[in-house]
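Quick mapping for you: the protein sequence lines, in order, are chains A and B. Here the numbering used here is used: the first residue of the first sequence is 1, the next is one more, and so on. Here the numbering used here is used: the first residue of the second sequence is 558, the next is one more, and so on. The block underneath contains the structure these notes are about, expressed in structure tokens.
There are 2 protein chains.
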Amino acid sequence: MAEQKLQVVPIGGLGEFGMNCLALRYGDDIIVIDAGMMFPDAELLGVDVVIPDFTYLEEHRELVRALVLTHGHEDHIGAVPFLLSELDVPVYGTAFTLALVERRLEEHELAEGAQLNAVKPGQVIEAGPFKIEFIHVTHSIVSAMAVAITTPLGVVIHTGDFKVDPTPTDNILFDLHTFAEYGKRGVLLLLSDSTNVDRPGYTESERAVRPRLEDVFNRAERRIIISCFSSSIHRLQQILDLAAANGRKVAFLGRSMMNVTEISHSLGLLEIPDGILLRPQDIMQAQPDKVVVVASGTQGEPHSALSRVAVDNHKHLSIRGDDTVVLSARIIPGNEKSIYRMINHIAKRGANLVYGSMNPPVHVSGHASAEELKLMLNLVRPRYFMPIHGEYRLLRRHAQLAQHLRHQGLEDIFVLETGDTLEIDRTGAHRGERVTVGRVCIDSGSIDEVVEDVVIRDRRNLSEDGFVLPIIAINKHTSKSEGLPEIVSRGFVGVDDNGSDILLAARHVVARTLEESTSEERTDWGVMQEKIRADLKRFLNKQTQRRPLIMPVILEV
Amino acid sequence: MAEQKLQVVPIGGLGEFGMNCLALRYGDDIIVIDAGMMFPDAELLGVDVVIPDFTYLEEHRELVRALVLTHGHEDHIGAVPFLLSELDVPVYGTAFTLALVERRLEEHELAEGAQLNAVKPGQVIEAGPFKIEFIHVTHSIVSAMAVAITTPLGVVIHTGDFKVDPTPTDNILFDLHTFAEYGKRGVLLLLSDSTNVDRPGYTESERAVRPRLEDVFNRAERRIIISCFSSSIHRLQQILDLAAANGRKVAFLGRSMMNVTEISHSLGLLEIPDGILLRPQDIMQAQPDKVVVVASGTQGEPHSALSRVAVDNHKHLSIRGDDTVVLSARIIPGNEKSIYRMINHIAKRGANLVYGSMNPPVHVSGHASAEELKLMLNLVRPRYFMPIHGEYRLLRRHAQLAQHLRHQGLEDIFVLETGDTLEIDRTGAHRGERVTVGRVCIDSGSIDEVVEDVVIRDRRNLSEDGFVLPIIAINKHTSKSEGLPEIVSRGFVGVDDNGSDILLAARHVVARTLEESTSEERTDWGVMQEKIRADLKRFLNKQTQRRPLIMPVILEV
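Dropping the structure here:
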């Protein structure tokens, strides 16, 4: 067999937040690590979900041997249905991660026939020339793993998302020893999570929220309503334990909350004390000081349980004065407005609010801070290092952090963005050719509903100044327009101000453009549309300083 | 004279961030404190500026005696041109605040005839039955003041925006003594800034950024580019001082930076060491380790100096590797995406970046934290307290903070939102009738360009799923449609996917609706438009799960 090179191909998640996906190729074999989605920026108007462009994988579909999932967060598994609808490939992950994937597949009617293979930390699988060992890491979701991939050229370690929690609530420690073992034997390349590289020190243990939650339970005289991410099983366990200790029953509100607690309970990852559960419909009948409600909707999502509770529009829960509402989650940048709007509504109902940064914390991150990232680098001591997961500024900072390893055998650091590739052969590592990548915008969560860029661009234009459509009926016998042209407009000017005057004047502008055109021009619709557009644009811009989308329509009648 | 009541009428800024404006009325006399604007949410598509609805003041225009400005930030003075275009009223503020106002008035060609009266802290003016004393406070902008308004019923203190900086860089201390004096004599009502009530402890002194900036100057081997708010004169002074101490010249980039430094320098508020200024066009010729550039654009505003520098599109400055870029400003919630996008571009140019939270800080807030707010309450010891400036959750927290004053004579606390009113007479204080308030959306910064709510709603709809316009030409003689109806659409479906199929099918749906209508219906355009809209909506929603704006156009030809 001819000597092959190892290619590292980031399909998503490098130089951007979310939609993590990375391919490793050696000769004619490819494995894929994670296939995540991203929640769209507000700028992507009307788009529900963004997934990576899988062109590279589709073009090499015969070579793809495995999809390996590090953990069950949406930015690592959210695009699995979209990838599996194109590629029939075995999927590996923990039972919990796969259970979450299966729910997603069912929603897309893809569950049947999917090759889902549950693995455990410590287990090794083979896919083509790759030997993949799964390594337990601590993270905000249970069942998170890193992967150590032995290739013919050496070992590649992909950390997935992690923090090094010294006191995890489930007492399953971060597997320092396996990382150390690989580090001792020699690692070719480390790919490590950069999400929190700009935070100094160590990320606090999940256990650090316990004193704050205890304080909430001690002070609350009525109902406690706690919102956290439904995937934060550790957090849910702490809430359940505290509820049991304080003689309160627990009701879960929200579909995702129901789903995930059911899955994690059935897999033995969430311990639910006997008789502690309260049905949502019984919340209002129970004694207020004997109830904890755990509701989804930390980000102020408009249809979430907590948002509906905030505006007193939830059928099972109505907040009263002196209830306590706790937001035990990060405020994701970009969501502040909707979160604070929700909090304001809750404040108006008279509830006591616990949210934001405080000491002891009401939320801790699941990602490693700078010191933990250094620990990872020092444990693994790779020959090459490539930061993954995060915007460019974070990847670069992570690269700077790794400089101190130079004297310990680190030969080179590569800051790549999605679509850049890294090639490693016997002589060393270097950047390779770029591959096709990008983002695919999805409407309505349906697989067919890809939103094209041009549609989004149009929506953006429309959202700024609306549209103006001059409609001209041209008599096909005389080539003359019938009557004064019509104008239809929305989102441009209102009718209260001088909008109707402007639109009437605009009709005359169009009529004059028609009159002043030759009969030859009038038979060429393309020319006429362009002339009308140009004249009208000039007129409207002068009158209003706005630039609506102008789209002349010529009807031959 | 019959006994009158004192009315407190918040026109803006209570229960919302920005556009601060509050009226005090006693009998037939009104004074107004501040007239600020608000930068719009991303949800207000295409809107540039939001100002308060001044209906209440316009309805009582003959009674308005004075507009008093506490300081020169946009959320306190940004709406002055809009108010003065309606109301001819004398304006009072410091020379610096009025200079900023004058620039704004000039932009709107309203400067001529405006009655701008410069006042100083300690000065007292009279307006109707009101005696207004100005009190110096510390804030992130220079020349900030609180006002103590003596009314026939007692003293009302309005803090403006403040923090209690124990070591201001200009050594002009917060005037604790005057607040103490009023407190001792008895204050009827305190209106106090709630912006930072959710931060525990004390806000750090402006001087606290000095060590961080020193560190930047000590380490930088090439150009230093610092971005801060142009109104942060204290910050600019510290940068100028450090530049002088380190033998670097200073260039200002950005129009607002130029404007404000010119004004503050001419008023003696900013000391510019001799010969230190560098013209922007000379930046690239100067030795890189002898230059500091101070650029506007901390919030990633697309046309700002720093944003243009970030994408290497500024005519006077091009970032090279190992330049140092410092963001010495708060990341305003909602701006994260654009700020981080700008930072990523700067990182790609290889610059060293200093931004975000760190110790010592690279930015400190200008608003009082919880302990300072308690100090204000304890100094003033009002009979009534009403938190101002901020969202409801903050006003409420500020109210809770004030509870501890109950035993010191605080009789009642009022959490009001914009439009609620407070009435005080000899018997006490109580809520009054609501007044007309709201927000007015302005396009293009022009006074006439008010954007109606319906226009914004249309833009929002358009931005989500675009529009579909069926156009039907009906022969006025036969009442039949001529040919297959046309459909014009943008922002709905693309042409690459099955969009054109859907639109063709939609034309047939419209045709069928027409055919299946009676000739009587066909003569009633309103009925036909409604039928077509309903049928098309059902069809498109079934095909695409989207809800474009549908607007049937019927042409009689």
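The beta-carbon is built from N, C-alpha and C at its ideal position, and this holds for glycine as well. Please read these numbers as outputs of a predicted model, since none were measured by experiment.
Which residue marks the beginning of the alpha helix (DSSP H) containing V589 of chain B, and which one marks its end?
Counting along the chain, V589 of chain B falls outside any alpha helix (DSSP H), though it belongs to the beta strand (DSSP E) covering D586 to I590.
Name the residue from B:I876, B:H1034, B:R1069 and B:L1019 whose alpha carbon lies nearest to the alpha carbon of R490 of chain A.
The residue with the shortest Cα to Cα distance from R490 of chain A is B:L1019.
Tell me whether M814 of chain B sits in a helix, a strand or coil according to DSSP, three-state version.
Correct three-state label for M814 of chain B: helix.
Under 7 Å, Cβ to Cβ, is there at least one residue of chain B near P302 of chain A?
Not one chain B Cβ lies under 7 Å of P302 of chain A.
Taking 7 Å as the cut-off, decide whether the C-beta atoms of V773 of chain B and V921 of chain B are in contact.
No, the pair does not count as a contact, with Cβ atoms beyond the cut-off.
Should N335 of chain A be labelled buried (16 or more other beta-carbon atoms within 10 Å of its own) or exposed?
Buried.
According to the Cβ coordinates, are V9 of chain A and V415 of chain A closer than 7 Å?
It is not a contact, given that the beta carbons lie outside the stated cut-off.
Do three or more CB pairs link the stretch 170-188 of chain A to the stretch 131-146 of chain A at distances below 8 Å?
Counting Cβ pairs under 8 Å, three or more are found: they touch.
What are the start and end residues of the beta strand (DSSP E) that includes H987 of chain B?
Taken as a continuous stretch (DSSP letters only), the beta strand (DSSP E) holding H987 of chain B covers G985 to R988.
Report the residue from A:I272, A:M257 and A:S232 whose alpha carbon sits nearest the alpha carbon of A244 of chain A.
Ranking the options by Cα distance to A244 of chain A, first place goes to A:I272.
What does G567 of chain A touch in chain B if you count any residue whose Cβ is under 7 Å from its own?
The structure shown does not extend to residue 567 of chain A, since chain A is modelled only from 1 to 557, so the question has no answer here.
Would the stretch 643-661 of chain B count as touching the stretch 616-629 of chain B if we require 3 or more Cβ pairs under 8 Å?
Output reads yes: the stretch 616-629 of chain B touches the stretch 643-661 of chain B.
For a test of the three-state rule: what should DSSP assign to H715 of chain B, helix, strand or coil?
Of the three classes helix, strand and coil, the one that applies to H715 of chain B here is strand, per DSSP.
Does the beta-carbon of V937 of chain B have 16 or more other beta-carbons within 10 angstroms, so that it is buried, or is it exposed?
V937 of chain B is buried by the Cβ-count criterion.
Excluding five sequence neighbours on each side, which residues of the same chain lie with their C-beta closer than 7 Å to the C-beta of M558 of chain B?
In this prediction, M558 of chain B has a pLDDT of 48, which is less than 50 and means its spatial position is unreliable; what the coordinates show is noted afterwards. Contacts found: none.
Which residues, taken in chain order from the stretch 335-362 of chain A, show a beta carbon closer than 7 Å to some beta carbon of chain B?
Here the close residues are E336, K337, Y340, I343, N344, A347, K348, L353 and G356.
Using the beta-carbon of each residue, which ones in chain B are nearer than 9 Å to S463 of chain A?
Correct list: L602, G603, R1016, R1017, L1019, S1020, E1021 and G1048.
When DSSP labels each residue in this structure, what does R65 of chain A get in the three-state scheme?
Strand at R65 of chain A.
Considering L730 of chain B, what are the terminal residues of the beta strand (DSSP E) in which it resides?
Looking at the DSSP string, L730 of chain B is not in any beta strand (DSSP E), and its letter there is neither H nor E.
Could you say if the stretch 981-992 of chain B and the stretch 371-385 of chain A meet the contact criterion of at least three C-beta pairs nearer than 8 Å?
Contact fails: fewer than three Cβ-Cβ distances are below 8 Å.
Please give the ranges of any alpha helix (DSSP H) in the stretch 343-392 of chain A, keeping only runs that are unbroken, at least 4 residues long and fully inside the region.
Correct list: 370-380.
Alpha carbons only, please: which of B:R898, B:I833, B:S823 and B:I820 is nearest the one belonging to Q856 of chain B?
Nearest C-alpha to Q856 of chain B: B:R898.
CB-CB under 7 Å to S318 of chain A, same chain, minus the five flanking residues each way: which ones, in chain order?
Cβ within range, chain order: M284 and D312.
Under 9 Å between beta-carbons, which chain B residues line up against Y392 of chain A? List them in chain order, please.
Under the 9 Å cutoff, chain B gives I900, N901, H902, A904 and K905.
Pick out whichever of A:I225, A:V437, A:D535 and A:L514 has its Cα sitting closest to the Cα of F54 of chain A.
For the residues A:I225, A:V437, A:D535 and A:L514, the minimum Cα distance to F54 of chain A belongs to A:V437.
Is there a Cβ of chain B sitting closer than 7 Å to that of A473 of chain A, yes or no?
Interface residue, yes.
For chain A, find out if any of its Cβ atoms is closer than 7 Å to the Cβ of L1112 of chain B; answer yes or no.
Cβ-Cβ to chain A under 7 Å: yes for L1112 of chain B.
Quick check: the Cα distance between T320 of chain A and V919 of chain B, rounded to an integer number of angstroms?
The question names Thr, yet the displayed sequence has Arg at residue 320 of chain A. About 42 Å.
Beta-carbon within less than 7 Å of G445 of chain A's beta-carbon, same chain only, minus the 5 sequence neighbours each way: which residues are those?
Confidence at G445 of chain A is low in this model, with a pLDDT of 44, below 50, so its placement is unreliable and the value that follows should be read with caution. Counting only Cβ-Cβ distances below 7 Å, and skipping sequence neighbours, we find D48 and V49.
Does N461 of chain A come out as helix, strand or coil in the three-state DSSP assignment?
DSSP places N461 of chain A in helix when its eight states are reduced to three.
Using beta carbons (cut-off 7 Å, strictly below), is E16 of chain A in contact with chain B?
Not one chain B Cβ lies under 7 Å of E16 of chain A.
Just tell me which of B:D839, B:L673, B:A580 and B:E761 has its CA closest to the CA of A925 of chain B.
Looking at the Cα atoms, B:E761 is the closest of the given residues.
Note down, in chain order, every chain A residue with its Cβ under 7 Å from the Cβ of R953 of chain B.
Per Cβ cutoff of 7 Å: A347.
Work out the CA separation of G650 of chain B and E690 of chain B for me, nearest whole Å.
Straight-line Cα distance between these residues: approximately 11 Å.
Does the beta carbon of V1012 of chain B come closer than 7 Å to any beta carbon on chain A?
By this cut-off, V1012 of chain B is an interface position.
Taking 8 Å as the threshold, find out whether the stretch 390-401 of chain A comes into contact with the stretch 190-202 of chain A through three or more Cβ pairs.
Because the criterion of three Cβ pairs below 8 Å is met, the stretch 390-401 of chain A and the stretch 190-202 of chain A touch.
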